[in-house]
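Q: Line by line, the protein sequences are chains A and B.
Number 185 in our numbering belongs to position 159 of the first sequence; there are no gaps in the numbering.
Number 280 in our numbering belongs to position 83 of the second sequence; there are no gaps in the numbering.
Built from N, CA and C at the ideal position, the CB exists for glycine as well.
Quantities reported herein were computed from a predicted structural model and do not represent experimental measurements.
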Amino acid sequence: MPSATTLTAENLSKSFSGPPLFRGLSMSVRGGLVAVAGRNGSGKTTLLRILAGLARPTSGRVVLERAGRALPDPERRLAVGWSSPDLELYGELSGEENLRFFRRAAGRPEPLEESRRRLREVGLAEEAIGRRVEELSTGMRQRLRLAFATLFDPDVLLLDEPANGLDVEGRAVLATIVERARRRGAVVIASNDERDLAGADERVELDVSRKP
Amino acid sequence: MSEEKADSRTTAHGSRLTAHGSALSSVLAVAAKDATAELRRRTALVAVLFFAVTALALVSFAIGPFGLPADDRPPVQAALLWIILFFAAATGLPRAFAHEEETGTALALRKTLPAARVLAGKALFNFGLFLAIAAVTVPGFGVLLEASFGSPAGLAATVLAGGYGLAVVSTFLSALSARAGQRHVLFVLIAFPLLSPLLLTAISATVEALRGGFPGTALRVLIAYDGAATCAAYLLAAVAWEE
Chain A
27 MPSATTLTAE NLSKSFSGPP LFRGLSMSVR GGLVAVAGRN GSGKTTLLRI LAGLARPTSG
87 RVVLERAGRA LPDPERRLAV GWSSPDLELY GELSGEENLR FFRRAAGRPE PLEESRRRLR
147 EVGLAEEAIG RRVEELSTGM RQRLRLAFAT LFDPDVLLLD EPANGLDVEG RAVLATIVER
207 ARRRGAVVIA SNDERDLAGA DERVELDVSR KP
Chain B
198 MSEEKADSRT TAHGSRLTAH GSALSSVLAV AAKDATAELR RRTALVAVLF FAVTALALVS
258 FAIGPFGLPA DDRPPVQAAL LWIILFFAAA TGLPRAFAHE EETGTALALR KTLPAARVLA
318 GKALFNFGLF LAIAAVTVPG FGVLLEASFG SPAGLAATVL AGGYGLAVVS TFLSALSARA
378 GQRHVLFVLI AFPLLSPLLL TAISATVEAL RGGFPGTALR VLIAYDGAAT CAAYLLAAVA
438 WEE
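1. Within 8 angstroms, do at least three Cβ pairs link the segment 195 to 212 of chain A to the segment 166 to 185 of chain A?
2. Quick one, are the C-beta atoms of Ser371 of chain B and Leu304 of chain B less than 9 angstroms apart?
3. Among residues of its own chain, excluding the 5 on either side of Thr300 of chain B, which ones have a beta-carbon nearer than 6 angstroms to its beta-carbon?
4. Which stretch, first to last residue, makes up the alpha helix (DSSP H) that contains Arg82 of chain A?
5. Output the boundary residues of the alpha helix (DSSP H) element that contains Gly50 of chain A.
6. Given this structure, state the Cα-to-Cα distance separating Ile260 of chain B from Ser141 of chain A, to the nearest angstrom.
7. How far does the beta strand (DSSP E) with Gly58 of chain A in it extend, from its first residue to its last?
8. In whole angstroms, what separates the C-alpha of Ser235 of chain A from that of Ala312 of chain B?
9. What residues of chain B sit near Leu119 of chain A, judged by a beta carbon separation below 9 angstroms?
10. Output the distance between the C-alpha atoms of Val106 of chain A and Gly337 of chain B, rounded to the nearest integer angstrom.
11. Can you tell me the Cα-Cα spacing of Met27 of chain A and Gly57 of chain A, whole angstroms?
12. Look at Arg270 of chain B and Leu407 of chain B and say whether their C-beta atoms are less than 9 angstroms apart.
13. Less than 9 angstroms between the beta carbons of Val224 of chain B and Gly318 of chain B, yes or no?
14. What ranges does the beta strand (DSSP E) occupy inside the segment 213 to 275 of chain B, keeping only unbroken runs of at least 3 residues that lie completely in it?
15. Inspect the beta-carbon positions of Leu177 of chain A and Arg144 of chain A and report whether they are closer than 9 angstroms.
16. Return the CA-CA distance between Ile400 of chain B and Trp279 of chain B, expressed in angstroms with no decimal places.
17. I want to know whether the segment 162 to 175 of chain A touches the segment 187 to 201 of chain A - three or more CB-CB distances under 8 angstroms.
18. Quick check on Glu36 of chain A - is its C-beta less than 9 angstroms from some C-beta in chain B?
19. Let me know if Val148 of chain A comes out buried or exposed under the rule of 16 or more other beta-carbons within 10 Å of its beta-carbon.
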């Protein structure tokens, strides 16, 4: 069922130094699962950052509309969830404190029990909830990133290499999150691992759009 | 029809109030998070207090209470006090954004909040840090150099107004230089011209306060500087910190 929210990228190009990572890339995400594939350095992470509003394209634009209305900035930030291996949460705080901080900072505080439920949903056990993030393992941090990405129950969920460091149980948690987000809205996954991209409704190949 | 208009005005007014409330809660949340992290890490707090106490001790040993003629004491003492406050603050305040970039947490913050709210929260934390420095330095300065605080209210107002400006400008420059390779050099180079008017005015106000007068004119200049710095930081926050 298509989401009421649409994330549209129009004619995106991105260059750092050297040839552009991608040029003239357009896509429209209305619902379901969109896979972004491409070899290392093809711009998957950059594309997801641009879609998340964390990086500016060299040219082109990204519009997020809900019921035909472009969302203003503060609302837009929360309507798109994002996770990436580059994302770090505060090491001095516990996972629970991190989630509660971001909810409060966004002006949407929630009860303690709700934050704990979110952590349990990504499979972080009770004993991990109170521990500082700097004490968590790689896999636990990845689960926490997933909890951060879904913190505001976003319409569009952008996941960059979401299975990094996850064990079998972690992959099952990821599959549940993706399925739930897919039913609610849209999920965009960028990955080098074809297992993460299985069952996608659409596929964007970045290598194809890249021209030397 | 008029009721509809009134309703829409009320709704618009209500949503503005909600937006302001949300902005305030964002600012307070960022400041509280920085305070919690700092109390657990203690890097900036220990560094600035160590610098302040060391500088204070060295100045008191070098000059002492009677090393200067009575007439020369207020200008020299005022300059020394602000040099200590400035350099102690410069040890900790510029870390506001640099730490976020170094640890990779900047992306989560950027994803969730507009830059202006982050900057305001960090400026609030930095102002608190400055007040903690001043709470140690100013009384210590009074005791060790036997400085006579002729107008304690004038001195307190000067420290508050000067500290606020210092916190806002330092926080903004921290955002601006956070992703630069030579961020410390960049910070100092930009801070010098921007903070010189503030420091010179704060020193002038402190001289007057030490001599027993209330530094009304200098305080008005400081407050105007603070207002201008706040507006500029608010308007330029996104340019400084977001890509």
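A: The answer reads as follows:
1. Enough Cβ pairs lie closer than 8 angstroms, so yes.
2. One thing to note: Ser371 of chain B has its Cβ no nearer than 9 angstroms to the Cβ of Leu304 of chain B.
3. The answer is none, since no qualifying residue turns up.
4. Unbroken run through Arg82 of chain A: none, as it is neither H nor E.
5. Looking at the DSSP string, Gly50 of chain A is not in any alpha helix (DSSP H); the run it does join, the beta strand (DSSP E), is Phe48 to Val55.
6. CA-to-CA, the gap between Ile260 of chain B and Ser141 of chain A works out to about 57 angstroms.
7. Gly58 of chain A -> beta strand (DSSP E) spans Gly58 to Ala63.
8. Confidence is the limiting factor: at Ser235 of chain A the pLDDT is only 47, short of 50, which leaves the residue's position unreliable, though a coordinate-based value still follows. C-alpha separation (whole angstroms): 33 angstroms.
9. Near Leu119 of chain A (Cβ distances below 9 angstroms), the residues of chain B are Lys230, Thr233, Ala234 and Arg237.
10. Distance from the CA atom of Val106 of chain A to the CA atom of Gly337 of chain B, rounded to whole angstroms, is 51 angstroms.
11. Note that Met27 of chain A scores a pLDDT of 47, beneath 50, so its modelled location is shaky and nothing firm can be said.
12. It is a contact, given that the beta carbons lie within the stated cut-off.
13. Taking C-beta atoms as the reference points, Val224 of chain B and Gly318 of chain B count as a pair closer than 9 angstroms.
14. Taking only runs of at least 3 residues, no beta strand (DSSP E) segment lies wholly in the segment 213 to 275 of chain B.
15. Taking 9 angstroms as the cut-off, the beta carbon of Leu177 of chain A is found closer than this to the beta carbon of Arg144 of chain A.
16. Here the alpha carbon of Ile400 of chain B sits roughly 7 angstroms from the alpha carbon of Trp279 of chain B.
17. As far as the Cβ criterion goes, the segment 162 to 175 of chain A touches the segment 187 to 201 of chain A, which means the pair count is three or higher.
18. No, no contact with chain B.
19. In the assembly as shown, Val148 of chain A is a buried residue. Its beta-carbon has 16 or more other beta-carbons within 10 Å.
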